[in-house]
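Worksheet for the structure shown next.
In structure tokens:
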């Protein structure tokens, strides 16, 4: 009995994961379509992806990263 329950639980977990993977693929396709649409309107997808990544970051982590980037740019003579 315990083996049957364990097998059934495992099967249910696997099926849930498979459904979620399929949903994730659909969402990834939707996101790709939005970037393509934005590109067709003259926006730069690479820059937009950077902005999305920055917006996900905590403010202090973003400020720390930007300060470090400025330090590296200055060290390499890439100042604005």
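Residue numbers (the UniProt record's numbering): 1 to 80. Yeah, the Cβ is synthetic: ideal placement off N, Cα and C, and Gly gets one too.
Item: Same chain, Cβ closer than 7 Å to residue 79, five either side skipped, listed in chain order; Value: 73
Item: Other residues of its chain near residue 65: CB distance less than 8 Å, five sequence neighbours each side excluded; Value: 57
Item: Pairwise C-alpha distance: residue 46 and residue 9; Value: 42 Å
Item: Alpha helix (DSSP H) segments (min. 4 residues) lying fully within the UniProt domain "GapR-like DNA-binding" (8 to 77); Value: 45 to 56, 59 to 75
Item: Under 7 Å between C-beta atoms of residue 54 and residue 62; Value: yes
Item: Spatial neighbours of residue 49 in its chain, beta-carbon cut-off 8 Å, leaving aside the 5 residues before and after; Value: 35
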